[in-house]
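Protein chains in written order, with our numbering: chain A, 70 to 145; chain B, 13 to 367.
Cβ coordinates follow ideal geometry from the N, Cα and C atoms, glycine included.
To keep things clear, I will list the structure first and then write my remarks on it.
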């Protein structure tokens, strides 16, 4: 199973996601990247992140993404 | 708002799609994005092929082509059309309404009703409600509902937000009274305060078309778009659908006094595969019951998507059997609606190509 950082890096390999605390404000993820990310997270953890949770504040950093995964019923 | 109709039915569906097919892989070269990112988007959203009209082709061209196809085969007779409803947001002209253009080109009778309605992705549901209401009149025995847009002519090829998903089409749905004691339930909602989420800013009376409104502007995220082009706030629309559709569908089933298990299929408007998969999960129905493959075959063709699903996925079945379905549409306005009804056994249910 891949880590959140590994999945983020596959989507945007040009960025160092360990060096940012706000991926959205730093321009590292746009709305299409969020969709691609949710699809990858769903497959990796076998969950379905609710569509209503696909909002920028849930994708600011690794901690908020892991919190979203926990809310969706898995342990990242 | 709830609606209930009795003894009404759809008796046939014909969908006209342009023969001209475009592919996402070819078009993505126009976008200011790395191709690897575009290909990931293609995989998640289900983008692939789509049908678009050639230069100068209008809604009435597709509608007349389809209606002549029905008339030539005897699936519809000129004199039995008591009402013609044309629903489009890309009319041939500002004045007159496109239904009058279609009426004139086909030489239909004068003693009938012609309606032109401005609706887009919820337009099939709005049209059905209008048609079923008209069939309450003794003088109206058969209604022809046309849903068509040529939105490919109003999107920027350099706007990745919307260009890869837009298709053109025209659906023709024939409605009449049902000899069986059938019941149709519907629920419709609107929120005009969110109208700017899906809009063509210029070209109407508020901001008339000028050379300036035709000029491409950098609108961020590498996209170029003019004021004359269709704008969609994709994130806002996604959130709108995920937030508003589930309670509307629940409300519809409560109004009908039935459960979702009774439904064979949920036939929804088709913006992209990802949005529909998330909607199915939210409503807690199997994804297989909510087909989501239209955008990859034809593109999102506005008000014609639901009839296209009927014909493409259930074409033969709806000729020979009856299915209990929930239809759901959502889009510009913002408007959203759902309807619970029996479909089949249709007199015709097919897709033809406009060349």
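Residue 225/B and residue 172/B have their C-alpha atoms some 19 Å from each other. Residue 187/B: member of the beta strand (DSSP E) spanning 181-189, first to last residue. Assigned with DSSP and collapsed to three states, residue 221/B falls in coil, not helix or strand.
At a cut-off of 8 Å, the C-beta of residue 246/B has a neighbouring C-beta in chain A.
Between the region 228-237 of chain B and the region 254-273 of chain B there are fewer than three C-beta pairs closer than 8 Å, too few to call the two in contact.
According to the DSSP assignment, residue 114/A belongs to the alpha helix (DSSP H) that extends over 100-114. Assignment of residue 86/B by DSSP, reduced to helix, strand and coil, places it in the coil class.
Excluding its 5 nearest sequence neighbours in each direction, residue 56/B has C-beta neighbours in its own chain below 7 Å: 286, listed in chain order. Residue 189/B is positioned such that its CB atom lies closer than 8 Å to that of residue 147/B. Per DSSP, reduced to three states, the secondary structure at residue 73/B is helical.
The region 87-106 of chain A and the region 119-139 of chain A touch, with no fewer than 3 CB-CB distances between them shorter than 8 Å.
The three-state secondary structure of residue 141/A, taken from DSSP, is coil.
Collapsing the DSSP output to three states places residue 165/B in a helix. Taken atom to atom, the span from the alpha-carbon of residue 97/A to that of residue 84/A is near 7 Å.
Per the coordinates, the alpha-carbon of residue 210/B lies some 14 Å from the alpha-carbon of residue 177/B.
Taking all protein chains in view, the Cβ of residue 138/A is crowded by 16 or more other Cβ atoms within 10 Å, so the residue is classified as buried. Within 10 angstroms of the beta-carbon of residue 105/B lie fewer than 16 other beta-carbons, which makes it exposed.
Put simply, the CB of residue 99/A is near chain B, with a gap under 8 Å to one of its CB atoms. Three or more beta-carbon pairs separated by less than 8 Å are not found between the region 40-53 of chain B and the region 61-81 of chain B, which leaves the two stretches without contact. Contact note: residue 119/A reaches chain B through 254, 290, 293 and 294, using a C-beta cutoff of 8 Å and chain order.
Residue 131/A has a beta carbon lying at 8 Å or more from every beta carbon in chain B. Of all alpha-carbon atoms in 61/B, 19/B and 50/B, the one lying nearest the alpha-carbon of residue 307/B is that of 61/B.
Taking 8 Å as the CB threshold, residue 78/A stays off the interface with chain B.
Under DSSP, the beta-bridge partners assigned to residue 244/B are 210/B.
In chain A, no part has a C-beta under 8 Å from the C-beta of residue 60/B; the shortest such distance is about 16 Å.
Residue 160/B is bridged by DSSP to 182/B. Residue 124/A reaches chain B at 247 and 251, counting residues in chain order whose Cβ is nearer than 9 Å. Cβ contact annotation for residue 72/B (same chain, cutoff 6 Å, sequence separation greater than five): 104, 110, 113 and 114, in chain order. Contact between residue 303/B and residue 321/B holds, with the beta-carbon distance rounding to 5 Å and staying under 8 Å. One alpha carbon belongs to residue 252/B, the other to residue 153/B, and they sit about 37 Å apart.
A contact between stretches requires three or more CB pairs, one per stretch, nearer than 8 Å, and the region 348-364 of chain B fails this requirement with the region 204-219 of chain B. With the criterion set as a beta carbon lying under 7 Å from some beta carbon of chain B, the members of the region 86-114 of chain A are 99, 100, 101, 104, 105 and 108, in sequence order. In the three-state scheme derived from DSSP, where H, G and I count as helix and E and B as strand, residue 40/B is classed as helix.
Taking 8 Å as the threshold, the shortest C-beta distance from residue 331/B to chain A does not fall below it. By the beta-carbon neighbour count (other beta carbons within 10 angstroms, threshold 16), residue 51/B is exposed.
Nearest in C-alpha terms to residue 367/B, of all of 13/B, 70/B and 59/B, is 70/B.
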